[in-house]
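Trainee:
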Amino acid sequence: MFFVLSKVVGFFIHPSNLIAVICAVGVVLLLTQWRRAGTRVLAAGVVLLLIAGYSPLGSVMLLTLSERFQPWQYAGKAPDGIIVLGGALDSDVSAARNSVELDSSAERVVAALELARDYPRARIVYSGGSGNLLGDSVPEAPMAAELFERFGIAKDRLLLERRSRTTAENARFTRELVSPKPGELWLLVTSAFHMPRSIEVFRAAGVDVVAYPVDWRTRGWSDAAQPFNRLSSGLARMDVAAHEWAGLLAYWVHHRGEKVVPTP
């Protein structure tokens, strides 16, 4: 039930969806006796659309998260394990095409392959089920395993967690799967903007991980002053940023944390 509720609320959290709803309400009001109110609502929707689509607000929101954890540097101790969070593969298209298809977060898999090559003793956990609310549920982890094996990663190094639908479930099910021991070094590979929320839930689940951020999406703080030249690009970045911030705020409220964004 909670998963369904989170998906429904998540629909309206995305600015592109919320703005569309506002504009639709404005159009409906224009067809009624409340035409003046409809004009105002529709105008507000258009203004919000222009701000979200062309201003660098989405970049600022994303940078605040993605710059929190810096790239990992080898400090003399090789990792004992590498945890890769799902989201790098399009499981629905992969299943339909009978081919492993990567999506916009493909850097997660690329980084994991590089780490697996550089640290051949490290175990690799791919945590990814299906977050689909509608349609058939196709878990991502088995498809990732197929890709790893194509690149020569031995099966006995791979641990697949295929039940998770959320980041919190990524953490809980991964802990049950690997039971990390004190003193072990486990790297957590996920998108830089997703790292603060991931670190927070893994810590709460009792899994001590070290951030290995990838998939930065921005060039750095210079993007905070750079407007977008396409409406769709700005909206896409706003959607990603709003989703992450909403997740952090919800987790902070639910668990009464001290900080909304965790410290490195």
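Sequential numbering from 1 applies to the sequence shown in UniProt numbering. Beta carbons are placed, not taken as given, at the ideal position from N, Cα and C, and that holds for glycine. Because the structure is a prediction, the values reported are computed rather than measured.
For I124 versus A112, is the C-beta spacing smaller than 8 angstroms?
Mentor: Yes, the Cβ-Cβ distance between I124 and A112 is below 8 angstroms.
Trainee: If we require 3 or more residues per run, which beta strand (DSSP E) segments fall completely within the segment 130-211?
Mentor: Qualifying beta strand (DSSP E) stretches, in chain order: 158-161 and 186-191.
Trainee: Compute the Euclidean distance between the alpha carbons of A96 and M143, then round it to the nearest angstrom.
Mentor: Rounded to the nearest angstrom, the two C-alpha atoms are 12 angstroms apart.
Trainee: Considering Y126, what are the terminal residues of the beta strand (DSSP E) in which it resides?
Mentor: Note, Y126: beta strand (DSSP E), R123 to S127.
Trainee: Buried or exposed, going by whether 16 or more other CB atoms sit within 10 Å of the CB of H254?
Mentor: Exposed, since its Cβ has fewer than 16 Cβ neighbours within 10 Å.
Trainee: Counting Cβ pairs, one atom from each stretch, are 3 or more of them under 8 angstroms apart for the segment 167-185 and the segment 137-156?
Mentor: Short answer: they don't touch.
Trainee: Which word fits W34, buried or exposed, when buried means at least 16 other C-beta atoms lie within 10 angstroms of its C-beta?
Mentor: The residue in question, W34, is exposed, as its Cβ has fewer than 16 Cβ neighbours within 10 Å.
Trainee: If we ignore side chains and look at the alpha-carbon of each, how far apart do D223 and M238 end up?
Mentor: Taking the straight line from one Cα to the other gives about 13 angstroms.
Trainee: Nearest to Q70 by alpha carbon, out of A52, A236, D156 and G220?
Mentor: If we check each option's Cα against that of Q70, G220 comes out closest.
Trainee: Going by alpha carbons, who is nearest to A145 out of V260, S55, H243 and A88?
Mentor: It is A88.
Trainee: For a quick check, are the C-beta atoms of P213 and V261 less than 8 angstroms apart?
Mentor: For P213 and V261, no; Cβs fall outside 8 angstroms.
Trainee: Taking I22 and L48 to be in contact with their CB atoms under 8 angstroms, please state how far apart those CB atoms are, rounded to whole angstroms.
Mentor: Right, the Cβ-Cβ distance comes to about 7 angstroms (below 8 angstroms), so this counts as a contact.
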